[in-house]
Amino acid sequence: MKKLLPIIFLVITLLASSAILTLWIVWYISVNNLFGNLFEKYGIEPSYYTSVLWLLQGIFLVVFVIAGAITIFVYWTRSKSLDNMRMAFISGVSHELLTPLSSLKLYIETMLLRNINKERQQEFLNLMLEDTDILADHISKILLASKLERKKAVYTFKTVNMTDYITDYLSSNKNNFKKSKITFRSNSKNIFSKIDTAFFNIVLRNIIDNAIKYGPNKTTIKIELNKKNNKNILSISDNGPGIEEKRLKKIFSLFYRINHNKKGTGLGLYIVKTLVKAHKGNIWAINNIDNKGITINISLKDEYAKDINS
Amino acid sequence: MQKILIVEDEANLAKGLKFNLEMENYEAHTIDTAEEALDIFMNFDMMILDIMLPKMDGITALKEIRKQNPKFPILILSAKKSEESIVSGLQEGADDYMTKPFSLKELLLRINRILSRQSWYNDSTKKLSSYNFSRFSIDFEAFEAKTARGHTKLTQYECFVMKYLIENKNQIVSRQELLENVWGYESKEIETRTVDIFIARLRKLFENNPKNPLHIISIRGLGYKFVD
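As they're listed, the protein sequences go chains A and B.
Note that my numbering numbers the first sequence so that position 239 is 239, with each residue one more than the last.
Note that my numbering numbers the second sequence so that position 22 is 22, with each residue one more than the last.
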């Protein structure tokens with residue numbers, strides 16, 4: 001019932017305003033007739049101009065009230081929807097943070113409670129380190145998303161050989177992507193774009209992490225870099241479950257989650273899109289033709305034509 | 001040796017739980033999906049079930065398991081501290097819950113108690129194997145009852161609680177007493193809403209109007225009382 005209250009108020013406001021409008025017009029007509037007869041009786045020239053002005057003024061004011069009410073309602077609806085998303089976000093984030101925290105606590109309590117041999121201790125300490133890394137990771141994501149939302153990120157763009165950059169990135173991050181098989185192909189050795197490598201690393205990391213998270217065990221990820229006309233297109237395909245057509249655009253929205261039961265913060269792809277846009281690029285997702293997984297495409301402006309030392 | 005199934009998809013947590021249970025002389029096996037849990041749970045003496053699992057979630061699995069075996073002991077783990085998810089888990093038939101992050105000692109205590117409750121119950125059932133009141137009846141041996149929803153199977157703890165209340169009928173039983181005697185928790189430190197949620201669950205089964213109970217009555221500030 002509480003949910004319907006704003007709608008009920010809107011309807012009442014609209015009905016009341018319409019009633020005022022109707023009464024105003026009716027009043028105008030009857031007064032007009034009354035004065036008309038009066039003026040006729042005394043031979044006075046009626047001033048239509050002033051009286052029509054009164055009518056229009058009244059109509060304008062009421063229409064303004066109606067428009068105001070509808071506008072406020074629209075804003076309220078949007079705000080409520082954002083609020084719901086924030087609640088979902090907080091719930092998702094708490095889970096993401098509580099889980100590695102529980103694991104940490106469990107191992108600490110285990111080591112306090114029991115006598116454990118050196119070898120086991122090492123094993124446990126390494127797992128605990130993993131958990132702190134996971135926690136740090138999530139917290140960085142949250143802070144980055146907040147920074148990006150408030151438009152406070154500072155970029156340093158450099159023209160970079162994209163083929164080399166991606167090859168280097170994949171080889172130095174092999175350990176992070178152990179749960180997948182990643183292949184990279186490009187149609188030219190000389191593909192240049194202007195990027196902020198630190199931030200672009202985040203773009204790649206988030207897209208690949210997503211593919212691994214939602215994909216099968218040992219996800220296969222195909223990365224392709226192609227120069228087409230004066231654009232460089234980076235395509236990252238996975239062999240996961242794919243996404244419904246109507247949702248493909250929404251996945252880049254802040255807090256958007258495909259399934260609210262699944263883990264995750266809903267921040268990863270929002271961060272990716274914001275960063276790509278900051279690079280003056282474009283990003284879009286499509287379902288793969290053979291129905292296995294999706295491909296995220298990023299297009300960046302080609303810089304080869306310009307001086308590569310700038 | 002008692003066998004415990006751990007259904008948890010966070011690898012580190014699952015590993016830690018398995019290690020600790022084995023140190024307590026249980027046999028522990030870990031799996032990471034609800035689907036697999038449905039296939040193999042019957043080979044174990046109890047299950048620790050995380051609610052947030054990939055694909056099929058814990059609550060759905062819980063419902064399925066309860067359809068097949070209302071007695072099977074299940075303790076749910078949840079990172080969601082929201083009351084709704086805890087209530088939902090208990091309403092669907094979990095015997096107890098713990099929220100993450102949890103205290104290891106408390107978890108081990110609860111597991112121990114859940115497994116030892118069965119022998120207490122079997123002994124006490126020999127003295128009172130069934131009971132009738134108004135249009136309801138409970139068969140403590142078969143874990144079945146004639147309830148407001150017709151003939152249904154009861155979970156282990158639903159039987160335990162009813163039995164205790166009936167054995168102490170017309171006397172006030174405090175929440176603490178129920179926690180100690182039915183769940184076996186001695187410590188006052190264990191904070192739990194389990195008892196209240198169970199009473200709510202039982203009222204839906206054994207009252208014509210759960211909001212106005214005639215059999216399972218609350219005595220404000222003191223506890224509950226069973227009346228014929």
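Heads up, the beta-carbon is just placed ideally off N, CA and C, and yes, glycines get one too.
- The beta strand (DSSP E) spanning glutamate 119/A covers which residue range? Counting along the chain, glutamate 119/A falls outside any beta strand (DSSP E), though it belongs to the alpha helix (DSSP H) covering 118 to 149.
- By Cβ distance, which residues of its chain are closer than 7 Å to isoleucine 114/B, with the 5 residues on each side in sequence left out? If we look at isoleucine 114/B and ignore the five residues flanking it on each side, its Cβ neighbours are Met46, Pro73, Leu75, Asp95 and Asp96.
- Short CB-CB distance (under 8 Å) between glutamate 89/B and chain A: The displayed chain sequence assigns glycine, not glutamate, to residue 89/B. Interface with chain A (8 Å Cβ-Cβ cutoff): glycine 89/B is excluded.
- If phenylalanine 157/A and lysine 189/A are in contact, beta carbons under 8 Å, what's the gap, nearest whole angstrom? Distance from phenylalanine 157/A to lysine 189/A at the Cβ level is roughly 22 Å; contact not present, criterion being Cβ atoms closer than 8 Å.
- Task: Specify, as a first and last residue, the run of the alpha helix (DSSP H) that glutamate 224/A falls within.
- Result: Premise fails: glutamate 224/A lies in the beta strand (DSSP E), 219 to 228, not in any alpha helix (DSSP H).
- Close beta carbons around serine 310/A, own chain, < 6 Å, minus the five adjacent residues each side: Because the pLDDT of serine 310/A is 47, which lies under 50, any placement of that residue in the model is unreliable, and the number read from its coordinates should be weighed accordingly. Answer for serine 310/A: no residue qualifies.
- Does any residue of chain B bring its CB to less than 8 Å from the CB of leucine 127/A? The beta carbon of leucine 127/A falls within 8 Å of a beta carbon belonging to chain B, placing the residue at that interface.
- Would you check if the region 231 to 243 of chain A and the region 212 to 220 of chain A touch, i.e. whether three or more CB-CB distances between them fall below 8 Å? Contact between the region 212 to 220 of chain A and the region 231 to 243 of chain A is present, because at least three Cβ pairs lie under 8 Å.
- Query: Below 8 Å between beta carbons: does that hold for isoleucine 65/B and isoleucine 59/B?
  - Reply: Their beta carbons are not under 8 Å apart, which means isoleucine 65/B does not touch isoleucine 59/B by this criterion.
- Item | serine 310/A, DSSP secondary structure in three states | A caution first: serine 310/A carries a pLDDT of 47, below 50, which makes its placement in the model unreliable, though a value can still be read off. Collapsing the DSSP output to three states places serine 310/A in coil.
- Query: Got a sec: which bits of the region 99 to 117 of chain A sit with their beta carbon under 7 Å from any beta carbon on chain B, in order along the chain?
  - Reply: The residues in question are Thr99, Leu101, Ser102, Ser103, Lys105, Leu106, Tyr107, Glu109, Thr110, Leu113 and Arg114.
- Query: Of all Cβ atoms in chain B, is any one closer than 8 Å to the Cβ of serine 346/A?
  - Reply: Within the shown structure, residues of chain A are numbered from 1 to 310, placing residue 346/A beyond reach of any answer.
- Among residues of its own chain, excluding the 5 on either side of leucine 248/A, which ones have a beta-carbon nearer than 6 Å to its beta-carbon? A distance below 6 Å between beta-carbons, with the five flanking residues on each side excluded, links leucine 248/A to the following residues of its chain, in chain order: Ala285.
- What separation, rounded to the nearest whole angstrom, lies between the Cα atoms of glutamate 158/B and proline 213/B? Straight-line Cα distance between these residues: approximately 17 Å.
- Apart from the five residues on each side of it in sequence, which residues of its chain come closer than 7 Å, Cβ to Cβ, to leucine 107/B? Residues Met98 of the same chain have their beta carbon placed closer than 7 Å to that of leucine 107/B, with the five preceding and five following residues left out of the count.
- Message: I'd like to check one pair, leucine 267/A with isoleucine 166/A: are the Cβ atoms closer than 8 Å?
- Response: Not in contact: isoleucine 166/A and leucine 267/A (Cβ atoms no closer than 8 Å).
- Item | Pairwise C-alpha distance: threonine 77/A and methionine 111/A | Rounded to whole angstroms, methionine 111/A to threonine 77/A spans 51 Å at the Cα level.
- Message: I want to verify the contact list: residues of chain B whose CB lies under 8 Å from the CB of glutamate 130/A, in sequence order.
- Response: What glutamate 130/A touches in chain B: Asn12.
- Message: Along the region 101 to 121 of chain B, where does the CB come closer than 8 Å to a CB of chain A? Name the residues.
- Response: Within the region 101 to 121 of chain B, the qualifying residues are Pro101, Phe102, Ser103, Leu104 and Lys105.
- Proximity winner among Lys273/A, Ser140/A and Ile134/A, relative to asparagine 297/A (alpha-carbon distances): Closest by alpha carbon: Lys273/A.
- Identify the contact partners of glycine 16/B in chain A, using a Cβ-Cβ distance below 7 Å as the criterion. Contacts between glycine 16/B and chain A, judged by CB atoms closer than 7 Å, involve Ser103, Leu106, Tyr107 and Thr110 in chain order.
- Item | Cutoff 6 Å; reference isoleucine 223/A; Cβ partners in own chain excluding five residues on either side | Within the same chain, Phe184 and Ile236 come within 6 Å of isoleucine 223/A by CB-CB distance, once the 5 residues on both sides are set aside.
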